[in-house]
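Engineer: The working numbering puts the first residue of the sequence shown at 1382, with every later residue one more than the last. Sharing a structure below in structure tokens format, with a few things to ask.
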Amino acid sequence: MITLLGRGNARTEIDLLLERVGTGVGALAVVNGPTGVGKSTLLRALAGRCRTAGATVYSTCALPEERDEPFSVIQQLLVQTNPETPLNGHGPQGHPSPWSYVAQLAQSAVAALTKRGPVILVVDDIHHADPLSIRCLRHLTARIGPLALPLSVFVSWDPTVEATSPILQEMLYEPHVSCISLAPLNSDAVAQMIAETNPDPIDTELATHYHELTGGNPLLISALMEDSQAKPAATSEIPGSDCGPFAGDAFQRAVQICLHRMGTLARLVAQGVALLGENSDEYQLSELCEAPLGLIRTALRRLQASGLLLGGAFRHQRVREIVLGTIPSATVIEMHHRAARLLHAHGAPPEAIAFHLLAAGPVKDDWGLPVLRDAARHALAAGQMDLGIRCLKLADASCTEDTTRYEIKAQLAEICAMVELGGAVARYQSLKTSILTGLMAPDTALPVAQAMLWNAQVHDAVEVIDSVARHADIARPDIAVEMQVTELQIASSFPGVQRTAAAAGRPAPVAPALTGSASPAVRARLQAYQSLLSVLTGNGDAYIAAQAEQSLQTGSLFDASVRACVVPAVLTLVYSSSLDSAQRTANRFLMGATDSELPGWTAVLRGLLGLVALRRGELDVAVEHSSAALAQTSNRSPDTHGWLALATLAEAHTSIGNHEKAAQCFATAAAPALFQTRSGLHYLYARGRHHLAGGRPYAALADFLTCGEQAQQWNMDTPVLVPWRVGAAEAWLSLDQKEKAAGLLEAQLAMRGYGSTRTRGMALRALAATRDFKERLTILNKSMQLLQASGDRYELVRCLADLSSAHRAIGDKDKARTAGLRARRMAKVCNADTVPEALMVAAPPLEPSTEWPAKNEHDFDKLSKSEQRVATLAARGLTNREIAQELFVTVSTVEQHLTRVYKKMKVRSREDLPVKLRVTAA
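And the structure:
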């Protein structure tokens, strides 16, 4: 039985054809349709039916590569009838012509065979037959009929091919020809085809996906079904369906078969479409394939009819990949070169041209280098790091001019450092010689020096900067502006390097005025480092903090101008105590770095977030971020960002009480370059706290005082950086030197500055220990208010523990318990399991009281339900913001409720709320 899915109109024609053959009348049948729709399968089925009915069948297939061989098709048929048939393409002497001789020979052979019964000649893909064979076949078909030979000729033909032989057209369009047209399957027929081999119910969406990928081509559909049954791991799943289809090896073979059957030109055009991609059109294809426009259009129609193309483009990327794979290796490079030149001449986008340049290898044309650099810039801006790096590497390999080549190398080093953590130092090191010998332009060399500083290549960076300062024309605006950026970076983040350079004869930088001639990107970098330096030198304000946050509202790490501002801007927010803004900004960029797999920037941003968490007293979060930052860079030497993360981790472990883990942070000797950086101040302060917590006050004091000396020398002795005076004072207190401690703390409190609330709160807590208990309570209450405002929960825990101890010392057990309960509750927020118990000695667990003071009970009953809920949470120690989040109301609403609570319960603050209320609430 012949299956005709979705082709019911052809069934009647087939039945009539078989009836004519069965009666010995003979017929000429043409099965037409595009490549892959089943013409060959139908021909074989028809021949099989005829053979079963007793007819003699001879079959052959015309091949495109044999089109120029005379009589290739007719010879294959005659050899089947009689292997001894002589056929050399030349008639005997006196014969009118070679073809007529062969035609007569074929007619004689067929006539002899028809005496034994009907004869069927089958020619597949007759559009590929050689012209002389077509003339012979035309000679035979003219004898078909009831009064001539009982001969039938079945051929398959692709109507999308322009028939170059008028004789073939004459033969195929005879009135008595039986025409069986096969078109691609529709979605319903595709579903039916899948159902024949799949016992499970067919999802109509799945059938739609099959149809969209194949255009209804049965050959391609069968291949997809074969792949879907195997589902090897290496196949490509077509988007849109969780259960398939899969385009694997069978599908690849089917596409290749279609291309082969369509002939050389169609295959070449398909390869051209694959090469040119979305930018292909028939005119460009004509140039690329070096073929007339008419033939290109014919080939495109055939590719479209076969289901490979849709609207001039491949139906799926997988098909394009397969077609690209059919390009011979000997010609693929030349074709890519030609495609690149063609696209460039037609003004195609740089990315499209770069695709071919990357496939072709080093570029020789003058226009190729700018195209590659433009393509790299577009790719990097879109987050396509791998493509951008490949474009830059090829540009580097293709460039012959030293200045441009080293500019490319510098850009490549920066980009590779974002994705290849281990290679940054070596890449920048390799550029040093070119800078010192003058091969690299000064405005390119200075950013290299800036990168060297971040990578802790301090000595190399200083050499580069000094070389530029000595040999370059620093009066030139572009060089002068870049030098200003470099000096600001040094002054704000590598102040020890600045002093080394000054000692060598180069003056220390003066804060520059923003240069109007600078580009917006350079002005942004100038502003970022100027803002950071202003905050670090005690000149910060709310405007600078707001400006830092605003500068990073838009953009991504793939924008070089934004990327250069991220670290100084976030640090400006941290040192301005704008911790919420710093966290929000860093998290946004961290999400982009993580999604784009940028380990270098992931480490930097997690280090910054660790510092934010530490200053908010979120110790476990600080440990998590800092540990992750260090883990990202574990296979290389620490850089300045790694040193900051290390200091943050050590301080967090010390605060939690993990002294062994803190000690591990200091187990390896610090690099000397560390102590030339701002991160070195954090490191000294963290090590001092570790020494102090471990009972080594003199070692702690040495670190704190060294930290202070460096901060003063660098003009960075501000409360917002590191509270070294508080640390040193605590060391003196542990040595019972209250006067020395008080002197440091009073000096600290005398220092005013934007964002110093946290440090002032810490200083007041320590100062309270130098006063008598009555004065101590007043100072601790002020400290508590400042620390609450700063948001540092860990320091607030320490203050509340001291406050509880002070209340207990004067016999006020209720207030001691109040402060103790808040301290315990806040300790859980910091890291409940590991906050040192030493902080909680003054705040033992509370035992619920069995009696409720009558006046308190009466006053509490006066509160509304909303006020009681707010009062209960306030009694637990929650801040106003936390209460608002708990009850899903605004902070303003909480404040209003508390005002009424205090008035009705006749107390001045939450600290005076009844202890029993807290215990009951807890």
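Note that CB positions come from ideal geometry on N, CA and C, so glycine has one too.
#1: Take the Cβ of residue 1924 as the centre, count every other Cβ of all protein chains shown within 10 Å, and call the residue buried at 16 or more, exposed below.
#2: Our contact map puts residue 1416 next to residue 1687 with C-beta atoms below 8 Å; I'd like the distance itself, whole angstroms only.
#3: So, under 8 Å CB-CB, residue 1531 and residue 1585 are touching, yes? Tell me the CB distance rounded to an integer number of Å.
#4: Would you report the Cα separation of residue 2024 and residue 1749, rounded to the nearest angstrom?
#5: Using alpha carbons as the reference points, say which of 1910, 1965 and 1971 lies closest to residue 1946.
#6: Taking just the CA atoms, how far does residue 2031 sit from residue 2067?
#7: Using the Cβ count rule (16 or more neighbours within 10 Å means buried), how would you classify residue 2214?
#8: Report the rounded CA-to-CA distance for residue 1397 versus residue 1551, giving the unit in angstroms.
#9: My parser needs the beta strand (DSSP E) runs of 3 or more residues fully inside the segment 2088–2164; what are they?
#10: Does the beta-carbon distance from residue 1689 to residue 1696 come in below 9 Å?
#11: I believe residue 2207 touches residue 2178 by the beta-carbon criterion, under 8 Å. Please report the beta-carbon distance rounded to the nearest angstrom.
#12: Is the number of C-beta pairs between the segment 2120–2132 and the segment 1976–1987 that are closer than 8 Å three or more?
#13: Taking Cβ positions, are residue 1535 and residue 1502 nearer each other than 9 Å?
#14: Measuring straight from C-alpha to C-alpha, what distance separates residue 1515 and residue 1426?
#15: Rounded to whole angstroms, how far is the Cβ of residue 1509 from the Cβ of residue 1448, which I believe are closer than 8 Å?
#16: Have a look at 1504, 2158 and 2077 and flag the residue whose alpha-carbon is nearest the alpha-carbon of residue 2182.
#17: Hey, would you say residue 1821 sits closer than 9 Å to residue 1784, going by beta carbons?
#18: In this structure, how does DSSP classify residue 1554 when only helix, strand and coil are distinguished?
#19: Pick from 1406, 1517, 1667 and 1754: whose alpha carbon is nearest that of residue 1458?
#20: The alpha helix (DSSP H) that contains residue 1748, what's its start and end?
#21: Residue 2062 to residue 2056, Cα distance in whole Å?
#22: Kindly list the residues whose CB is nearer than 6 Å to the CB of residue 2287, restricted to its own chain and excluding five residues on each side of it in sequence; keep chain order.
#23: With the cut-off set at 9 Å, would you say residue 1600 and residue 1638 are in Cβ contact?
#24: Could you give the residue range of the beta strand (DSSP E) that holds residue 1413?
#25: Helix, strand or coil for residue 1780 per DSSP?
#26: Output the residue ranges of the alpha helix (DSSP H) runs that lie fully inside the segment 1941–2020 and measure 4 residues or longer, sorted by chain position.
#27: Going by DSSP in three states, residue 1903 sits in which element: helix, strand or coil?
#28: Please classify residue 1627 as buried or exposed, where buried requires at least 16 neighbouring CB atoms within 10 angstroms.
#29: With respect to the alpha helix (DSSP H) encompassing residue 2191, which residues constitute its N-terminal and C-terminal limits?
#30: Might you give, ordered along the chain, the residues of its own chain that have their beta carbon closer than 7 Å to the beta carbon of residue 1769, omitting 5 neighbours on each side?
#31: Below 9 Å between beta carbons: does that hold for residue 1663 and residue 1648?
#32: Can the beta-carbon of residue 1539 be found closer than 9 Å to that of residue 1683?
#33: Give me whichever residues DSSP pairs with residue 1502 in a beta bridge.
#34: Within 10 angstroms of its Cβ, does residue 1424 collect 16 or more other Cβ (buried), or is it exposed?
#35: What do you get for residue 2079, buried or exposed, if any count of 16 or more other CB atoms within 10 angstroms of its CB means buried?
#36: Run through DSSP, which three-state label would residue 1631 get?
Structural biologist: Well, looking at it:
#1: Per the 10 Å Cβ criterion, exposed.
#2: Correct: roughly 4 Å between the Cβ atoms.
#3: Rounded, the Cβ-Cβ distance is 48 Å, inconsistent with contact.
#4: Roughly 42 Å separates the two Cα atoms.
#5: Checked all of 1910, 1965 and 1971; the closest Cα to residue 1946 is 1910.
#6: Rounded to the nearest whole angstrom, the CA to CA distance from residue 2067 to residue 2031 is 6 Å.
#7: Residue confidence is low: residue 2214 scores 47 on pLDDT, short of 50, so the model does not pin down where it sits. No coordinate-derived value is stated.
#8: Roughly 22 Å separates the two Cα atoms.
#9: With a minimum length of 3 residues, no continuous beta strand (DSSP E) run stays inside the segment 2088–2164.
#10: Between residue 1689 and residue 1696, the CB-CB gap stays under 9 Å.
#11: For a cut-off of 8 Å, the C-beta gap from residue 2207 to residue 2178 is around 5 Å, short enough to register as a contact.
#12: These segments do not touch.
#13: Their beta carbons are under 9 Å apart, which means residue 1535 touches residue 1502 by this criterion.
#14: If you take the alpha carbons of residue 1515 and residue 1426, they lie about 23 Å apart.
#15: Confirmed, about 6 Å.
#16: For the options 1504, 2158 and 2077, the alpha carbon positioned closest to that of residue 2182 is the one of 2158.
#17: Their beta carbons are under 9 Å apart, which means residue 1821 touches residue 1784 by this criterion.
#18: Three-state result, residue 1554: coil.
#19: The option with the nearest alpha carbon to residue 1458 is 1517.
#20: In the DSSP assignment, residue 1748 falls outside any alpha helix (DSSP H) and carries neither an H nor an E.
#21: Taking the straight line from one Cα to the other gives about 7 Å.
#22: The answer is none, since no qualifying residue turns up.
#23: A contact, by the Cβ cut-off of 9 Å.
#24: Its beta strand (DSSP E) spans residues 1409–1413.
#25: Coil.
#26: The DSSP assignment places complete alpha helix (DSSP H) segments of no fewer than 4 residues inside the segment 1941–2020 at 1941–1956, 1960–1976, 1980–1996 and 2000–2013, in order along the chain.
#27: Looking at residue 1903 - three-state DSSP - the assignment turns out to be helix.
#28: Classification for residue 1627: buried.
#29: Taken as a continuous stretch (DSSP letters only), residue 2191 belongs to no alpha helix (DSSP H), as it is neither H nor E.
#30: Non-local beta-carbon contacts of residue 1769 in its own chain, meaning distances under 7 Å to residues more than five positions away in sequence, involve 1757, 1760, 1761 and 1796 in chain order.
#31: No, they are not a contact pair.
#32: Contact: yes.
#33: Answer is 1439 and 1534, bridged to residue 1502.
#34: Buried, because 16 or more other Cβ atoms sit within 10 Å of the Cβ of residue 1424.
#35: Around the beta carbon of residue 2079, a 10 Å sphere encloses fewer than 16 other beta carbons of the protein chains shown; the residue is thus reported as exposed.
#36: Looking at residue 1631 - three-state DSSP - the assignment turns out to be helix.
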